[in-house]
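The structure under discussion appears below in the form of structure tokens.
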Amino acid sequence: MNPGFDTRMEMVDFLHYLQFSGLTKPDFVKETLPEDSVSVMSIYNTETPEEIPPFTVYMEVFQEIKPGMNKPESHQGWSISSDVIEVMDFSDKEHIVNNINMYGNFEGVNPSGTL
1 MNPGFDTRME
11 MVDFLHYLQF
21 SGLTKPDFVK
31 ETLPEDSVSV
41 MSIYNTETPE
51 EIPPFTVYME
61 VFQEIKPGMN
71 KPESHQGWSI
81 SSDVIEVMDF
91 SDKEHIVNNI
101 NMYGNFEGVN
111 PSGTL
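Residues 1 to 115, numbered by UniProt numbering, are exactly what the sequence shown covers, in order.
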């Protein structure tokens, strides 16, 4: 990936896939994963331990890593809550890209200059 390459639209497409597939629903995730691979550590989960609270999806984009290189800093990063993804309207992805900070914590290179 070239420095300055904008991956925000690809990130939005990935979130759309997560929403469409149901992978943002905590109960669906708990049902589909093996019992021993799901652990819940949350302050929101004190009353009903069998329920999984909303979780955060972290996406990081890195430059190409060549043999012998140390892992570089992420090029772009975005953290967003699963309950926010559930209510997002993906019919206007350009609006999401242009207002990306409304939907989570976006950090990184932003060549378009819109944040």
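Heads up, the beta-carbon is just placed ideally off N, CA and C, and yes, glycines get one too. Quick caveat, the model's predicted, so the values are computed rather than measured.
Quiz item: Short check: CB of I85 to CB of T56, under 8 Å?
Solution: no
Quiz item: Taking the continuous alpha helix (DSSP H) assigned at E94, which residues delimit it?
Solution: 93-98
Quiz item: Should M11 be labelled buried (16 or more other beta-carbon atoms within 10 Å of its own) or exposed?
Solution: Buried, since its Cβ has 16 or more Cβ neighbours within 10 Å.
Quiz prompt | Host beta strand (DSSP E) of Q76 (start-end) | solution = Per DSSP, Q76 is one residue of the beta strand (DSSP E) stretching across 74-81.
Quiz item: How is the alpha helix (DSSP H) around Y17 delimited, first residue to last?
Solution: 8-21
Quiz item: From what residue to what residue does the beta strand (DSSP E) around T24 run?
Solution: Neither: T24 is in no beta strand (DSSP E) and is coded neither H nor E.
Quiz prompt | Exposure label - F62; buried when at least 16 CB within 10 Å | solution = Counting Cβ neighbours within 10 Å, F62 comes out exposed, since fewer than 16 surround it.
Quiz item: What is the C-beta distance between G22 and F28, in whole angstroms, given that I count them as a contact (C-beta under 8 Å)?
Solution: 5 Å
Quiz prompt | Contact belief for G77 with M88 at Cβ below 8 Å, rounded distance in angstroms | solution = 18 Å between Cβ atoms; not a contact.
Practice problem: Give the DSSP-derived three-state secondary structure of N105 in the structure shown. | Solution: strand
Quiz item: The beta strand (DSSP E) spanning E60 covers which residue range?
Solution: E60 -> beta strand (DSSP E) spans 56-62.
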